[in-house]
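J.: Just so you know, we're using full-length UniProt numbering here: the sequence shown kicks off at 1 and counts up by one.
Here's a structure for you.
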Amino acid sequence: MNSTLETMPSSGLRRLRGRLRRLWRSDRGSVAIEFVVIVPLMLLVLLGFTELYMYMRAVSIVEHTAFTLADSVGQMQSAINDTSTSNSNNLGSLWNAATVLAAPNTLNAKGGVIVTSICEKTTTCSASTATPKVSPLPNPLPAMTNGTAQIFWQKSAPWTPSGMASRVTAGNVVPQTWPFRNWDSAVVIEVFLIYTPFAMTAPFWTNAPGTQTIYERVYVRPRSGAPLYLDPAS
Numbered sequence: 001m002n003s004t005l006e007t008m009p010s011s012g013l014r015r016l017r018g019r020l021r022r023l024w025r026s027d028r029g030s031v032a033i034e035f036v037v038i039v040p041l042m043l044l045v046l047l048g049f050t051e052l053y054m055y056m057r058a059v060s061i062v063e064h065t066a067f068t069l070a071d072s073v074g075q076m077q078s079a080i081n082d083t084s085t086s087n088s089n090n091l092g093s094l095w096n097a098a099t100v101l102a103a104p105n106t107l108n109a110k111g112g113v114i115v116t117s118i119c120e121k122t123t124t125c126s127a128s129t130a131t132p133k134v135s136p137l138p139n140p141l142p143a144m145t146n147g148t149a150q151i152f153w154q155k156s157a158p159w160t161p162s163g164m165a166s167r168v169t170a171g172n173v174v175p176q177t178w179p180f181r182n183w184d185s186a187v188v189i190e191v192f193l194i195y196t197p198f199a200m201t202a203p204f205w206t207n208a209p210g211t212q213t214i215y216e217r218v219y220v221r222p223r224s225g226a227p228l229y230l231d232p233a234s
């Protein structure tokens, strides 16, 4: 190579060196390289924000459904054990309202709703859990003392999956931080939703995180002051 350069005319050598310098300083390909590197990163960030939004929206919808149902049921004096929607007090109307509130999520295909009525063991309901008898509220009410919460009745939507069990149980009726006195009563609304993250990339990302259950539970006190009754279907 050195012998070749030595035999080249000086003008040809200068042109070769000039071309090498221009090639070294050239940045015409850097834009393409930046595009190839930056665009995938931008798409990844956009996908992350989209997934975060979808999850936050699902959580918000579940919370909204639970709070709205609880507010509505808390104004009722009784519910009817009927899965039809012929009466606004029917349980069927509550299940239908839940699916409407949860839209665009299909709650009746990927979720569940459970309603629990709670009474106070020694005052507002009898000790029998099979057929509890509601005691009339005295007037005036006696002095307030700590009460014992008991499940009056509990019903779930017919499309609630068997794996979605109520977290309101005989041993865990109300939270310890939620005051429950004698002559008290309460209604609990539980809403479940099976959420699948990264649904858009699942065909390409086989190891994507699996489904998870979004859960919300809301306690309210009936405005009537008495436990929420469950009347039989006519």
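Glycine included, every Cβ here is placed at the ideal spot set by N, Cα and C.
So what's TRP95 in DSSP terms, helix, strand or just coil?
T.: Three-state DSSP puts TRP95 in a helix.
J.: With distances taken from CA atoms, which of LEU141, ILE189, ASP184 is nearest SER156?
T.: Here the closest residue by C-alpha is ILE189.
J.: Cα separation between VAL168 and PHE35?
T.: Rounded to whole angstroms, VAL168 to PHE35 spans 55 Å at the Cα level.
J.: For TRP95, count the other beta carbons within 10 Å of its own beta carbon; 16 or more makes it buried, fewer makes it exposed. Which is it?
T.: Classification of TRP95: buried, given that the 10 Å Cβ count is 16 or more.
J.: Please report whether the beta-carbon of GLN77 lies at a distance below 8 Å from any beta-carbon of chain C.
T.: Absence of chain C from the displayed structure is noted, only one protein chain being present.
J.: ASN108: which of LEU47, ARG14, TRP159, PRO197 sits nearest, CA to CA?
T.: It is TRP159 whose Cα lies nearest to the Cα of ASN108.
J.: With a 10 Å radius around its C-beta and 16 neighbouring C-beta atoms as the bar for buried, classify GLN75 as buried or exposed.
T.: The residue in question, GLN75, is exposed, as its Cβ has fewer than 16 Cβ neighbours within 10 Å.
J.: According to DSSP, what are the bridge partners of ILE216?
T.: A small fix is needed here, since residue 216 is Glu in this sequence, not Ile. Answer by DSSP bridge pairing, in chain order: VAL191.
J.: Leaving aside the five residues before and after MET164 along the sequence, list all residues of the same chain whose C-beta is less than 7 Å from its C-beta, in chain order.
T.: Within the same chain, MET164 has close Cβ partners GLY112, PHE192.
J.: Hey, GLU120 and ASN81: beta-carbon distance below 8 Å or not?
T.: Not closer than 8 Å, so no.
J.: Could you check whether THR123 and GLY147 sit closer than 8 Å to each other, using their CB atoms as the reference points?
T.: Yes, Cβ-Cβ distance for GLY147 and THR123 is below 8 Å.
J.: Which two residues bound the contiguous beta strand (DSSP E) that contains LYS110?
T.: Taken as a continuous stretch (DSSP letters only), LYS110 belongs to no beta strand (DSSP E), being part of the alpha helix (DSSP H) at 107-110.
J.: Name the two residues that bound the continuous beta strand (DSSP E) containing PRO232.
T.: It spans 229-232 - the beta strand (DSSP E) in which PRO232 sits, taken as one unbroken run.
J.: What separation, rounded to the nearest whole angstrom, lies between the Cα atoms of MET144 and ALA79?
T.: If I take the Cα positions, the gap works out to 28 Å.
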